[in-house]
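First up is the structure itself, then whatever we jot down about it.
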Amino acid sequence: MKKAKLGKIHTPSADVAPQDAELEEDIDGIDVLEVDVKVEGEERKITMERERWSKVWKFFQRLPIGSDGRERAQCKRCLKRYICETKNGTGSLRNHINKCPRRDEKDVTQMLFAKSAIIKHDLPLKFVEYEGIREIFQYLNKNVTTITKNTAKSDVKNLFKREKVRLKNLLELHQGRVSLTSDLWTSINTDGFLCVTCHFIDKEWKLQKRILNFHYMPPPHNGVCLTEKISSLISEWGIEKKLFTITLDNASSKDTFVNLLKGHLCNEGALRSNGDYFHIRCCAHVLNLVEQDGLKAIDEGIVKLRESVKYVKGSQVRKGRFIDCVKYVNLNPKKGLRQDVPTRWNATYLMIESAIFYRRAFFHLALSDSNYLDCPSNDEWNKLEKIFKFLEVFYEVTCIFSRNKYSTANLYFPSVSMVEKTLREEMESSDKFMKNMARKMYEKFSKYWSEYSMILAMAAVLDPRYKLQYVEFTYKKLYGNSFASHSDRIREKLHDLFSEYISDYSTEPPVNCRSSATSTGDTSKVVHKKKSDTMLSKSTQDMLKEFKDYESKEFALSQNSQLEMYLDEPKSDIGEDLDVLSFWKAHQHRYLELASMARDILSIPVSTVASESAFSNGGRVLDQYQSSLNHDIVEALICSKDWLFGIKGDEELCLQELTDDIMEDARNNNKHESMEA
1 MKKAKLGKIH TPSADVAPQD AELEEDIDGI DVLEVDVKVE GEERKITMER ERWSKVWKFF
61 QRLPIGSDGR ERAQCKRCLK RYICETKNGT GSLRNHINKC PRRDEKDVTQ MLFAKSAIIK
121 HDLPLKFVEY EGIREIFQYL NKNVTTITKN TAKSDVKNLF KREKVRLKNL LELHQGRVSL
181 TSDLWTSINT DGFLCVTCHF IDKEWKLQKR ILNFHYMPPP HNGVCLTEKI SSLISEWGIE
241 KKLFTITLDN ASSKDTFVNL LKGHLCNEGA LRSNGDYFHI RCCAHVLNLV EQDGLKAIDE
301 GIVKLRESVK YVKGSQVRKG RFIDCVKYVN LNPKKGLRQD VPTRWNATYL MIESAIFYRR
361 AFFHLALSDS NYLDCPSNDE WNKLEKIFKF LEVFYEVTCI FSRNKYSTAN LYFPSVSMVE
421 KTLREEMESS DKFMKNMARK MYEKFSKYWS EYSMILAMAA VLDPRYKLQY VEFTYKKLYG
481 NSFASHSDRI REKLHDLFSE YISDYSTEPP VNCRSSATST GDTSKVVHKK KSDTMLSKST
541 QDMLKEFKDY ESKEFALSQN SQLEMYLDEP KSDIGEDLDV LSFWKAHQHR YLELASMARD
601 ILSIPVSTVA SESAFSNGGR VLDQYQSSLN HDIVEALICS KDWLFGIKGD EELCLQELTD
661 DIMEDARNNN KHESMEA
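Using full-length UniProt numbering, the first residue of the sequence shown is number 1, and each one after it goes up by one.
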């Protein structure tokens, strides 16, 4: 049962400039919502602040409460800071808005060049000096002031600095933990760059991704150098105490790096569970290694199919002839035939998928073209269909792991368990080739996933469709009677981690869920350090510390019922298309501490695709025409684009670009010929 009481705290409007009509209409204040929450018979009173509704907040950004306990705001134009406590109103902010210098038309034009042209569309800095562009602007406005490449570069850097301050403030305000992904990239001029990406779930329960750095990384790229570089970067952002996990590929240098970084952070007491869950292996990379091992002993049918696709691609005449065969057997030529990239197993999967559709067309091409000699036999086509169905599971799981627009941590356990189940079943196959391929793949699978990631298994438990029942069911299906030990271990680790969050809440609850005692002025529950405390003997102080630890543990044990209550409640329908973040947003006030833990766990990225997306954009910034850009401007361009517009990295789209449809040109040629006729 919930009770809510809504009140408004008003302050008089002060010194409003009469010419600022837009600001004159509103009333200063904030909405304060008191909510009584009943959990396991215990009533808790929390207060929540709704968004500021004074119109001055269009021009100011709230900053974290400082060490002096005072609230401040920063002007979005000039970045000047002011104290903005509720009791004082927003008069000083209003005065600043009227005095803050507004940018003239020239400044706006320069900023648009930098933001909406160069950064957004990856245009070269020299774009502003193009004669044709200048002619267009002179035609539109004879008084327009043209700028140079160096001015554009300066504007990009200034925009980068401004957005970096905003992102840093956003991370300071974030109450939960953040997870990182990191990877290395070599540019066209062989310069090395380190990409660090931050992932977190904001207060609206939306998954956020931000590139923190795209930094020049000189050799050597060993574990020690990576540790020094990334330690300095996360220190610069001020997120050392907020780190939860880091997702990396399986390079040996990354193992050395993560052990050194984890040791450093654990010494500072910055990691949960002493860093047990800090390192996450990129699941997409592991799957790629598993598949590559399976396809090493490649089947003769795949070799013939690859040669067949190459033959069709060889000339426009052959492409046209193949399309004639497609039409003859009444197939749709728009489906497309794709050529694979031998180093990408999922590209091989797409090639097989497209070729199976045109199976009859290949047979007809073999009859009508005496030069075509690599058509697979019926038995080989049947084997290709088996390989296709086998790889389909891996392809679907790879696509799931490669998404970064919504949470995928909760999908790790059901996806990886399905991969293991598929491999085990195929190892019992009567087909010798399939059995041998599955055996090699399972050996590589066991190397990395002999034990599932504990923290990502917890993410499945925090999905109301799965909970512990699905985890127990999966372990029983895979391991038989020994499943109980795996399930009990997950339950134990889940309770241990939850106890840490309980302890945090018992000492300092998050800002948006503060005790009403603190927010209403009752300081009876606030501990103040008195001078007399320092006069106690050392043994007495040690005993008081032991009592504090004991009290925290007892409180944590009493609150574990919150976790048990969630686990004991009926699951959601397993087939329901449920947004797990929306579920926790709706239940965050019912499960205060558990929702905080879910926020951190569900933000964990299971792959490094976010960094790889940045590399794709880096290839467009550092191309053959502008490969000599300074490293700082490269970082400014890539990071600013991500912060302002978001770098869209769809792995499936990138793969489609790699496996170009070889029939597209021929279809276009036929279309032009028919139009001419």
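For each residue, glycine too, the CB sits at the ideal point set by N, CA and C.
Note that the structure is a prediction, hence the values are computed from the model and not measured.
Own chain, CB closer than 6 Å to residue i, minus 5 neighbours either side, in chain order
{"i": "Asp-202", "result": "Gln-208"}
{"i": "Thr-422", "result": "Val-393"}
{"i": "Val-290", "result": "Met-441, Lys-444, Phe-445"}
{"i": "Arg-360", "result": "Val-329"}
{"i": "Ala-595", "result": "Trp-584, Gln-588"}
{"i": "Tyr-466", "result": "Ala-460"}
{"i": "Phe-401", "result": "Cys-283, Ala-284, Val-606, Ser-607"}
{"i": "Met-437", "result": "Gly-294"}
{"i": "Gln-316", "result": "none"}
Other residues of its chain near residue i: CB distance less than 7 Å, five sequence neighbours each side excluded
{"i": "Arg-134", "result": "Thr-146"}
{"i": "Ile-65", "result": "Glu-71"}
{"i": "Leu-167", "result": "Arg-210, Trp-643"}
{"i": "Ser-572", "result": "Pro-464, Arg-465, Leu-578"}
{"i": "Gly-325", "result": "Going by the sequence as given, residue 325 is Cys instead of Gly. Taken in chain order, the residues that qualify are Ala-361, His-364, Leu-365, Ser-368."}
Whole-angstrom C-beta distance between residue j and residue i, which should lie under 8 Å
{"i": "Ile-633", "j": "Lys-254", "result": "About 28 Å; that fails the 8 Å criterion."}
{"i": "Thr-487", "j": "Glu-472", "result": "Per the sequence shown, the amino acid found at residue 487 is Ser instead of Thr. Rounded, the Cβ-Cβ distance is 5 Å, consistent with contact."}
{"i": "Tyr-448", "j": "Arg-281", "result": "6 Å"}
{"i": "Ser-499", "j": "Glu-163", "result": "Incorrect: roughly 39 Å between the Cβ atoms, too far for contact."}
{"i": "Ser-182", "j": "Leu-194", "result": "7 Å"}
{"i": "Tyr-358", "j": "Leu-337", "result": "6 Å"}
{"i": "Leu-212", "j": "Leu-233", "result": "7 Å"}
Boundaries of the beta strand (DSSP E) in which residue i is found, first to last residue
{"i": "residue 678", "result": "A question about residue 678 goes unanswered here, because the residues of the chain that appear run from 1 up to 677."}
{"i": "Tyr-591", "result": "It is not in any beta strand (DSSP E) - Tyr-591 carries neither H nor E in the DSSP assignment."}
{"i": "Asp-183", "result": "178-186"}
{"i": "Cys-198", "result": "192-201"}
{"i": "Tyr-349", "result": "No beta strand (DSSP E) holds Tyr-349; the alpha helix (DSSP H) holding it covers 345-357."}
{"i": "His-285", "result": "Premise fails: His-285 lies in the alpha helix (DSSP H), 283-294, not in any beta strand (DSSP E)."}
{"i": "Asn-213", "result": "207-216"}
{"i": "Leu-63", "result": "Counting along the chain, Leu-63 falls outside any beta strand (DSSP E), and DSSP gives it neither H nor E."}
{"i": "Leu-248", "result": "243-248"}
Boundaries (first-last residue) of the alpha helix (DSSP H) holding residue i
{"i": "Lys-421", "result": "412-426"}
{"i": "Val-309", "result": "300-313"}
{"i": "Ala-73", "result": "Segment 72-75 is the beta strand (DSSP E) holding Ala-73; no alpha helix (DSSP H) there."}
{"i": "Val-580", "result": "580-587"}
{"i": "Trp-449", "result": "432-449"}
{"i": "Tyr-82", "result": "Unbroken run through Tyr-82 is the beta strand (DSSP E), 81-83; no alpha helix (DSSP H)."}
{"i": "Ser-453", "result": "Taken as a continuous stretch (DSSP letters only), Ser-453 belongs to no alpha helix (DSSP H), as it is neither H nor E."}
{"i": "Thr-256", "result": "252-267"}
{"i": "Ser-235", "result": "223-237"}
{"i": "Phe-394", "result": "378-401"}
{"i": "Gly-336", "result": "First-last for Gly-336: undefined, no H or E at that position."}
{"i": "Tyr-475", "result": "467-479"}
{"i": "Leu-93", "result": "91-99"}
{"i": "Ile-638", "result": "631-644"}
Minimum Cβ-Cβ distance from residue i to chain C less than 8 Å
{"i": "Asn-95", "result": "Although the question refers to chain C, the structure presented lacks it and comprises just one protein chain."}
Close beta carbons around residue i, own chain, < 8 Å, minus the five adjacent residues each side
{"i": "Met-418", "result": "Val-393, Val-397"}
{"i": "Leu-478", "result": "Ser-417, Glu-420, Lys-421, Arg-424"}
{"i": "Arg-667", "result": "Here the model assigns Arg-667 a pLDDT of 49, short of 50, so the residue's position is not dependable and the matter cannot be decided."}
{"i": "Phe-137", "result": "Val-144, Thr-146"}
{"i": "Leu-567", "result": "Val-461, Lys-467, Leu-468"}
{"i": "Lys-435", "result": "Glu-426, Met-427, Glu-428, Ser-429"}
{"i": "Thr-474", "result": "Phe-413, Pro-414, Ser-417"}
{"i": "residue 760", "result": "There is simply no residue 760 to check, as the chain begins at 1 and stops at 677 in what is shown."}
*Counting pairs of beta carbons, one from the stretch 604-613 and one from the stretch 280-298, are three or more of them closer than 8 Å?*
Yes, they touch.
Next item on the list: Indicate whether the contact test is met: 3 or more Cβ pairs, each with one atom in the stretch 409-420 and one in the stretch 324-337, closer than 8 Å.
Entry: The stretch 409-420, when compared against the stretch 324-337, does not touch it at the 8 Å Cβ threshold.
Whether or not the stretch 155-163 and the stretch 211-229 are in contact is what I'm after, with contact meaning three or more pairs of Cβ atoms, one per stretch, closer than 8 Å; do they touch?
As far as the Cβ criterion goes, the stretch 211-229 does not touch the stretch 155-163, which means the pair count is below three.
If you pair each beta-carbon of the stretch 340-355 with each one of the stretch 258-274, do three or more pairs fall below 8 Å?
With a cut-off of 8 Å on Cβ pairs, the stretch 340-355 is not in contact with the stretch 258-274, counting fewer than three such pairs.
message: Pairs of beta-carbons, one from the stretch 423-432 and one from the stretch 257-266, closer than 8 Å: are there three or more?
response: No: the two stretches stay apart, fewer than three of their Cβ pairs being nearer than 8 Å.
> How do the stretch 590-602 and the stretch 80-97 stand: do at least 3 beta-carbon pairs fall below 8 Å, yes or no?
Replying inline: As far as the Cβ criterion goes, the stretch 590-602 does not touch the stretch 80-97, which means the pair count is below three.
- prompt: Whole alpha helix (DSSP H) runs in the stretch 107-150 with 4 or more residues, listed along the chain?
  reply: Runs of the alpha helix (DSSP H) inside the stretch 107-150: 131-140.
Could you say if the stretch 242-253 and the stretch 176-188 meet the contact criterion of at least three C-beta pairs nearer than 8 Å?
-> Pairwise C-beta distances place the stretch 242-253 in contact with the stretch 176-188, as three or more of them are shorter than 8 Å.
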